[in-house]
Amino acid sequence: MIKNQKKDLIRLAVQICFFALIILVSLNQWRSEQGLTPLLIGSPSLHAVCPFGGVVTIYTYFTEGAFIQKIHQSSFTLMWLIFSLTLLLGPVFCGWVCPFGTVEEFIGKIGRKIFKKRYNNFIPSVIDKPLRYLRYIILMLVVVNTAISGKLLFSNFDPYFALFKIWSSEVTRLSLLVLGLTLIGSLFVERPWCKYLCPYGALLGIFNFFRIVKLKRNEKTCINCKKCDRVCPMNIDISTSKTVTDHQCISCLLCTDEIACPVSNSLSFSLLERKNPTENSETDSGAKIKESISGGGK
Amino acid sequence: MKIKSIHILLAIIIIIGGGILLASELDLYNTTRVKSPRKTAEGIYDVIDMRGSHTLEEIEKYYQLSASSVIEAFGLRPETNPNLFQLKDMKEIFTPVELEEGEYIVETDTVKVFTSLYLKIPYVSDETFYLPEKTVNYLIENDKLTGEEKEYWQGHTFKLEYLDSKYLTASEFSKIVVEEAEGLIVTGRTTIQELLDYGITEEKFEEVTGFKIPDKKLVSFRDFIIDKGLEFGEVKDKFAE
Numbered sequence: 004m005i006k007n008q009k010k011d012l013i014r015l016a017v018q019i020c021f022f023a024l025i026i027l028v029s030l031n032q033w034r035s036e037q038g039l040t041p042l043l044i045g046s047p048s049l050h051a052v053c054p055f056g057g058v059v060t061i062y063t064y065f066t067e068g069a070f071i072q073k074i075h076q077s078s079f080t081l082m083w084l085i086f087s088l089t090l091l092l093g094p095v096f097c098g099w100v101c102p103f104g105t106v107e108e109f110i111g112k113i114g115r116k117i118f119k120k121r122y123n124n125f126i127p128s129v130i131d132k133p134l135r136y137l138r139y140i141i142l143m144l145v146v147v148n149t150a151i152s153g154k155l156l157f158s159n160f161d162p163y164f165a166l167f168k169i170w171s172s173e174v175t176r177l178s179l180l181v182l183g184l185t186l187i188g189s190l191f192v193e194r195p196w197c198k199y200l201c202p203y204g205a206l207l208g209i210f211n212f213f214r215i216v217k218l219k220r221n222e223k224t225c226i227n228c229k230k231c232d233r234v235c236p237m238n239i240d241i242s243t244s245k246t247v248t249d250h251q252c253i254s255c256l257l258c259t260d261e262i263a264c265p266v267s268n269s270l271s272f273s274l275l276e277r278k279n280p281t282e283n284s285e286t287d288s289g290a291k292i293k294e295s296i297s298g299g300g301k
Numbered sequence: 120m121k122i123k124s125i126h127i128l129l130a131i132i133i134i135i136g137g138g139i140l141l142a143s144e145l146d147l148y149n150t151t152r153v154k155s156p157r158k159t160a161e162g163i164y165d166v167i168d169m170r171g172s173h174t175l176e177e178i179e180k181y182y183q184l185s186a187s188s189v190i191e192a193f194g195l196r197p198e199t200n201p202n203l204f205q206l207k208d209m210k211e212i213f214t215p216v217e218l219e220e221g222e223y224i225v226e227t228d229t230v231k232v233f234t235s236l237y238l239k240i241p242y243v244s245d246e247t248f249y250l251p252e253k254t255v256n257y258l259i260e261n262d263k264l265t266g267e268e269k270e271y272w273q274g275h276t277f278k279l280e281y282l283d284s285k286y287l288t289a290s291e292f293s294k295i296v297v298e299e300a301e302g303l304i305v306t307g308r309t310t311i312q313e314l315l316d317y318g319i320t321e322e323k324f325e326e327v328t329g330f331k332i333p334d335k336k337l338v339s340f341r342d343f344i345i346d347k348g349l350e351f352g353e354v355k356d357k358f359a360e
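In order, the protein sequence lines correspond to chains A and X. Counting in our numbering, the first sequence runs from 4 upward without gaps. Counting in our numbering, the second sequence runs from 120 upward without gaps.
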């Protein structure tokens, strides 16, 4: 059955909630430094609510039983919670929770309005593909150097920290530069930090290979319209896969038949292997749809 | 089973929200740090883990380096409160200096190098290659440098300058927590003892807060107020009235 594309309002609401939460954390930090009472949630630091802090301190924790500077137990606990969530559903943290990803996405909406179909397609595949692995190099560099130095080196170029603590003298010029470039880049490329540089996204991306809930495409009902490819913020070739295990998937659900895919039960997140008794009839309907819709290229 | 947005929303609420609640109950979700630095294999507190948030009193407690040594070696005001002065406060006192490698700020790493030399605890800094002249002289006067160290550090000094020229001479100084501009200003780090030292009477304290002065007067006034369920922002300004 063909249906119109829906808006992902639930994801948008979740993104806004987490974005507002981080703004509140940032505001409370500022209020605390000014001697004012924090509002609602106390004044945890930005590092305390970032699960990547748990990742960079993992070596120090297991070898010395301590966290590195500026990292708190809450980061470590959050790390395990996010790992659980990711093992189940893939990098939901990236697509739904991370406030920096949300900012990139919001700016991307402006870019999409300006450049229309050219948006998110500026970088040639030859350059784009290898660049996607850069974030793994950054992940290794960050984890190894943090283990050696015992310092939170990542905050020196972390655009998330720079954005949400921009008023602080702790923010380095380098991180402001990275932030500026990322925000400008978001006008041309969707989620440039997530795609090419984010070490935490790299780590969570690995879970895509063995996550419990998988993104599956029903080849028999798929009409090959490539709408899934076009809406994917991470430019994954969904229309050619049976099960999407790309390390860049952020579980945003934009491609699924809940939002973009026009054919019901053709592309969805499934917990168990699909055994659809009406597959034959769906094949028929898929075939009929294929006849009526011309597939579009990316 | 097909997973939809609503299921993901529920998973986020249950796993992240529920996980945080459960971890809080099990005391596994602290957003503040244990302040003690980690120890080396020899069982002494590691200089590398000295933090900007450590006060001079904590440095004394963990590293057995007296607060008066740091105060003297860095030319801080003699009445600096070791219980309140954090190492990172130094960057608000001293002017950044231009060195070969670029701008250098006297802060936590400077104290780490000083501590390492003073106490003979190994520490290799990747940012401090120069020390204030005053600090090097203090180390030499106290016979803390070997011949080789002395030769190196005497050739790698810079002159300390204060951001505020009145830092040493002013009767009160804003960076020593209680500010005196147009009356008393209570900040998040002001202790109850400091309020009393400023001249706040027991009666005034009770009138403003509705509580008697606690026995522990070195606790921050803000923590005391929050513990009592009051609004710090509202209460603190009443002292200035």
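Glycine is no exception: its CB is placed at the ideal position from the N, C-alpha and C atoms.
query                                                                                                                                                                                            : result
Label residue 121 of chain A either buried or exposed according to how many other C-beta atoms from any shown protein chain fall within 10 Å of its C-beta, with 16 as the threshold for buried. : exposed
For the stretch 237–255 of chain X and the stretch 168–185 of chain X, state whether three or more C-beta atom pairs, one from each stretch, are separated by less than 8 angstroms.             : yes
Give a yes or no on whether the minimum CB-CB distance between residue 202 of chain X and chain A is below 8 angstroms.                                                                          : no
Span of the beta strand (DSSP E) holding residue 270 of chain A?                                                                                                                                 : 270–273
Going straight from the alpha carbon of residue 231 of chain X to that of residue 149 of chain A, what length do you get?                                                                        : 18 angstroms
What residues match up with residue 220 of chain A in a beta bridge as DSSP calls it?                                                                                                            : A:270
Since residue 179 of chain A and residue 73 of chain A are thought to touch, with beta carbons under 8 angstroms apart, how far apart are those beta carbons, to the nearest angstrom?           : With 8 angstroms as the limit, residue 179 of chain A and residue 73 of chain A do not qualify as a contact, their Cβ atoms being about 19 angstroms apart.
For residue 67 of chain A, report the span of its alpha helix (DSSP H) as first-last.                                                                                                            : 61–67
Note the first and the last residue of the continuous beta strand (DSSP E) segment covering residue 192 of chain A.                                                                              : Here residue 192 of chain A belongs to no beta strand (DSSP E), and DSSP marks it neither H nor E.
DSSP has residue 250 of chain X in a bridge; who is on the other side?                                                                                                                           : X:276
Touch check for the stretch 83–91 of chain A and the stretch 163–182 of chain A: three-plus C-beta pairs under 8 angstroms?                                                                      : no
Could you tell me how far apart the beta carbons of residue 218 of chain A and residue 252 of chain A are, in whole angstroms, since I believe they sit closer than 8 angstroms?                 : 7 angstroms
With three or more beta-carbon pairs closer than 8 angstroms as the criterion, would you say the stretch 107–126 of chain A touches the stretch 23–42 of chain A?                                : no
In the stretch 132–143 of chain X, which residues sit with their C-beta less than 8 angstroms from some C-beta in chain A, listed in chain order?                                                : 134, 135, 138, 139 and 142
Among A:211, A:241, A:196 and A:100, which one has its Cα closest to the Cα of residue 222 of chain A?                                                                                           : A:241
Give the interface partners of residue 122 of chain X over in chain A, defined as CB-CB distance under 8 angstroms, in chain order.                                                              : 92, 216, 271, 272, 273 and 274
Counting only Cβ-Cβ distances shorter than 7 angstroms, please list the residues of the stretch 7–26 of chain A near chain X, keeping chain order.                                               : 11, 13, 14 and 17
Label residue 229 of chain X either buried or exposed according to how many other C-beta atoms from any shown protein chain fall within 10 Å of its C-beta, with 16 as the threshold for buried. : buried
Does the CB of residue 47 of chain A have a neighbour CB from chain X at under 8 angstroms?                                                                                                      : yes
Note down, in chain order, all residues in the stretch 51–76 of chain A with a beta-carbon under 9 angstroms from any beta-carbon belonging to chain X.                                          : 51, 52, 63, 67, 68, 69, 70, 71, 72, 73, 74, 75 and 76
Give the DSSP-derived three-state secondary structure of residue 72 of chain A in the structure shown.                                                                                           : coil
Please confirm if residue 328 of chain X has its CB atom under 8 angstroms from at least one CB of chain A.                                                                                      : no
Kindly say whether residue 192 of chain X, judged by its beta-carbon, lies nearer than 8 angstroms to any beta-carbon of chain A.                                                                : no
Assign residue 242 of chain A to one of three DSSP states: helix, strand, or coil.                                                                                                               : helix
If you run the structure through DSSP and keep just helix, strand and coil, what is residue 226 of chain A?                                                                                      : coil
With three or more C-beta pairs closer than 8 angstroms as the rule, is the stretch 187–198 of chain X touching the stretch 319–328 of chain X?                                                  : no
Buried or exposed, going by whether 16 or more other CB atoms sit within 10 Å of the CB of residue 272 of chain A?                                                                               : buried
Strictly under 8 angstroms for the Cβ-Cβ distance: is residue 125 of chain X near chain A by that measure?                                                                                       : yes
Let's test the definition: count the other Cβ atoms within 10 Å of the Cβ of residue 301 of chain X and tell me whether it reaches 16, buried, or not, exposed.                                  : The pLDDT assigned to residue 301 of chain X is 46, lower than 50, so where the model puts this residue is not dependable, and the model offers no usable value.
Does the CB of residue 100 of chain A have a neighbour CB from chain X at under 8 angstroms?                                                                                                     : yes
With H, G and I counted as helix, E and B as strand and the rest as coil, what does DSSP make of residue 205 of chain X?                                                                         : strand
In or out: residue 213 of chain A buried (at least 16 other Cβ within 10 Å) or exposed?                                                                                                          : exposed
Going along chain A in order, which residues have a C-beta closer than 7 angstroms to the C-beta of residue 363 of chain X?                                                                      : In the structure displayed, chain X extends from 120 to 360; residue 363 of chain X sits before or after that span and is not available.
Taking beta-carbon pairs under 9 angstroms, can you tell me which members of the stretch 251–269 of chain A lie near chain X?                                                                    : 254, 256, 259, 260, 261, 262 and 268
Buried or exposed: where does residue 136 of chain X fall if 16 or more other Cβ atoms within 10 Å of its Cβ makes it buried?                                                                    : exposed
Return the chain-ordered list of same chain residues with a C-beta closer than 8 angstroms to the C-beta of residue 226 of chain X, the five sequence neighbours on each side being excluded.    : 171, 206, 207, 209 and 210
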